[in-house]
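Have a look at the structure below, then the notes.
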Amino acid sequence: MAALFPFSAIVGQDEMKLALLIAATDPTVGGVLVFGDRGTGKSTAVRALAGLLPPMTIVKGCRYHCDPLSVDRCTHVVAGQNPDTEVIAVPVVDLPLGATEDRVVGALDLERALTQGEKSFEPGLLARAHRGFLYIDEVNLLEDHLVDVLLDVAASGENVVEREGLSVRHAARFVLVGSGNPEEGELRPQLLDRFGLSVDVRTPTDLATRIDVVRRRDQFERDPAAFVAQYNNQDLQIRSNLEAARGRLGGIKVGDHILELGTRLCMLLGTDGLRGEITLLRAARALAAIDGDRDVTDGHLQRVAPLALRHRLRRNPLDDAGSTVRVERAMREIFAPREERRAV
């Protein structure tokens with residue numbers, strides 16, 4: 019297996035790394051969309067995240083990665099018996115742009131049908147990604163019929179396949195991570211709304227940062243093993259913090275004051291529906307868990323608001339400011355002390 023570039027060795031791109039850690043802490047946040055210039059470490063960061071994720075326990079031999087604590091539909095479990103288990107790495111599955119629908123959702127196992135005369139289902143990429151991450155590079159170039167499939171599965175958490183007399187239904191809950199270059203095409207609004215967090219990445223503009231990026235990449239490619247070993251302790255620390263954050267998540271308290279601020283911010287920005295408020299709340303709670311805090315504060319909300327809301331804004335022909343600027347402007351109005359607002 020090829021060595022992965024260490025997560026802790028990525029230079030800059032702090033917002034992107036934070037968004038990925040939030041999604042890893044609480045998968046219900048809804049995934050991460052990373053848009054920006056080519057060659058800015060988008061896919062590198064996503065793949066590096068795989069090396070950080072704590073392993074997960076599954077029903078032994080299950081191709082759907084069923085959770086041993088929830089095995090109602092697992093064919094590998096006999097009713098009334100405790101299933102055998104095994105520990106595997108959290109899956110990070112790539113969805114290629116040229117993948118067929120059968121490859122994504124699953125289809126009839128032709129080899130078994132021809133050799134044994136039995137109808138059997140061959141799980142697709144959605145089954146492999148269950149309880150893990152589904153990564154789509156150049157997500158804005160994804161074909162419409164695959165976008166429709168992803169929308170259906172993302173909404174229901176299940177993949178339903180009707181093929182050649184087979185009827186299969188299996189859980190498919192995963193963190194959707196997409197990356198792309200906005201110059202190559204826009205993302206369909208329906209899919210855009212399914213991403214919990216959105217990140218804009220740009221090419222570094224200062225000399226020292228660019229030199230550091232090039233130096234580290236060159237060192238990694240010349241001797242991957244030595245480079246990975248150099249950052250092993252830092253990556254282990256991030257993994258430990260991530261596991262601790264997951265453990266704290268359920269005990270994080272969200273006061274009425276925080277709910278009111280988040281709702282007022284979404285109303286001021288005019289976001290459609292209530293998904294913005296829900297995502298903002300979940301992301302702020304995950305950030306509090308990462309920071310080791312017991313309560314969500316104004317500061318947590320302010321740090322995650324651009325991530326959770328910038329891609330949910332309607333286009334305003336009378337305001338040519340970018341979405342990030344509009345979110346920051348609204349935050350100043352919502353979070354500024356009353357005396358400050360009066361002075362303005």
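Residue 314 in my numbering sits at position 296 of the sequence shown; the count goes up by one each step and never skips.
Each residue gets a CB set at the ideal place from its N, CA and C atoms; glycine is no exception.
#1: Do you know how far the Cα of E346 is from the Cα of D290?
#2: Going straight from the alpha carbon of A243 to that of Q255, what length do you get?
#3: CB-CB under 8 angstroms to R206, same chain, minus the five flanking residues each way: which ones, in chain order?
#4: Quick check: what's the CA-CA separation for L113 versus V272?
#5: Does the Cβ of P73 have 16 or more other Cβ atoms within 10 Å, making it buried, or fewer, making it exposed?
#6: If you scan the stretch 128–177 from start to end, which runs of the alpha helix (DSSP H) of 4 or more residues do you find wholly inside it?
#7: Looking at the unbroken alpha helix (DSSP H) that takes in F353, where does it start and where does it end?
#8: Quick check on T43: buried or exposed, where buried means 16 or more other Cβ atoms within 10 Å of its Cβ?
#9: Looking only at its own chain, which residues have a Cβ that is under 8 angstroms from the Cβ of L267, when we skip the five neighbours before and after it?
#10: Near L115, which residues of its chain fall below 7 angstroms by C-beta distance, leaving aside the five closest residues on each side in sequence?
#11: Using the rule of at least 16 other Cβ atoms within 10 Å of the residue's Cβ for burial, across every protein chain shown, is H329 buried or exposed?
#12: Do R300 and V52 count as a contact pair if the criterion is CB distance below 7 angstroms?
#13: Taking 7 angstroms as the limit between beta carbons, can you name the residues of its chain near V167, skipping five residues before and five after?
#14: Between which two residues does the alpha helix (DSSP H) containing E104 stretch?
#15: Please determine if the stretch 195–213 and the stretch 223–236 are in contact, where contact requires at least 3 C-beta pairs separated by less than 8 angstroms.
#16: Are V179 and M34 closer than 7 angstroms when you measure CB to CB?
#17: Within 10 angstroms of the Cβ of L152, are there 16 or more other Cβ atoms? Answer buried if so, exposed if not.
#18: Quick check on the DSSP output: what are the complete beta strand (DSSP E) runs of length 3 or more inside the stretch 188–229, in order along the chain?
#19: According to DSSP, which residues form a beta bridge with S88?
#20: Give me the residue from T62, I28, V111 and A63 with the minimum Cα distance to R228.
#21: Suppose the cutoff is 6 angstroms on Cβ atoms and the five residues either side in sequence are ignored; what does the same chain contact list for G196 look like?
#22: Using DSSP with H/G/I as helix, E/B as strand and the rest coil, what is V179?
#23: Run the CB neighbour count on G288, radius 10 Å, all protein chains shown included, and call it buried at 16 or more, exposed below.
#24: Assuming L37 and L215 make a contact with CB atoms under 8 angstroms, what is their CB distance in whole Å?
#25: Report the CB separation of D309 from S26 in whole angstroms; it is logged as a contact under 8 angstroms.
#26: If you check the beta carbons only, do F192 and A147 fall under 7 angstroms apart?
#27: Could you please give me the residues that DSSP links to T62 through a beta bridge?
#28: Can you check whether the CB of A190 is closer than 7 angstroms to the CB of V219?
#29: Excluding five sequence neighbours on each side, which residues of the same chain lie with their C-beta closer than 7 angstroms to the C-beta of T75?
#30: Within the stretch 272–342, note down every full alpha helix (DSSP H) run reaching 4 residues or more, in order along the chain.
#31: Closest to H188 by CA distance: which of L67, C84, A326 and A354 is it?
#32: At which residue ranges does the stretch 22–85 contain complete alpha helix (DSSP H) runs of 4 or more residues, listed in the order of the chain?
#33: In three-state terms, what does DSSP make of L113?
#34: How big is the Cα-Cα spacing for P141 and L22?
#35: Who pairs with A125 in a beta bridge, going by DSSP?
According to the structure data:
#1: 18 angstroms
#2: 19 angstroms
#3: D162 and V165
#4: 36 angstroms
#5: exposed
#6: 128–134, 143–147 and 162–174
#7: S341 to F353
#8: buried
#9: T43, D44, R303, A304 and A307
#10: E156, L159 and L160
#11: buried
#12: no
#13: E119, V122 and V123
#14: From DSSP, E104 is part of no alpha helix (DSSP H) but of the beta strand (DSSP E) over T103 to I106.
#15: no
#16: no
#17: buried
#18: 193–198 and 215–219
#19: Answer is none; S88 lacks a bridge partner.
#20: I28
#21: L51, I154 and V157
#22: strand
#23: exposed
#24: Checking the displayed sequence, the identity of residue 37 turns out to be Ala instead of Leu. 5 angstroms between Cβ atoms; contact.
#25: So it is not a contact: roughly 18 angstroms between Cβ atoms.
#26: yes
#27: In DSSP, T62 forms no bridge with anything.
#28: no
#29: P86, T103 and V105
#30: 274–287, 293–309 and 316–327
#31: C84
#32: 32–43 and 60–68
#33: coil
#34: 26 angstroms
#35: E140
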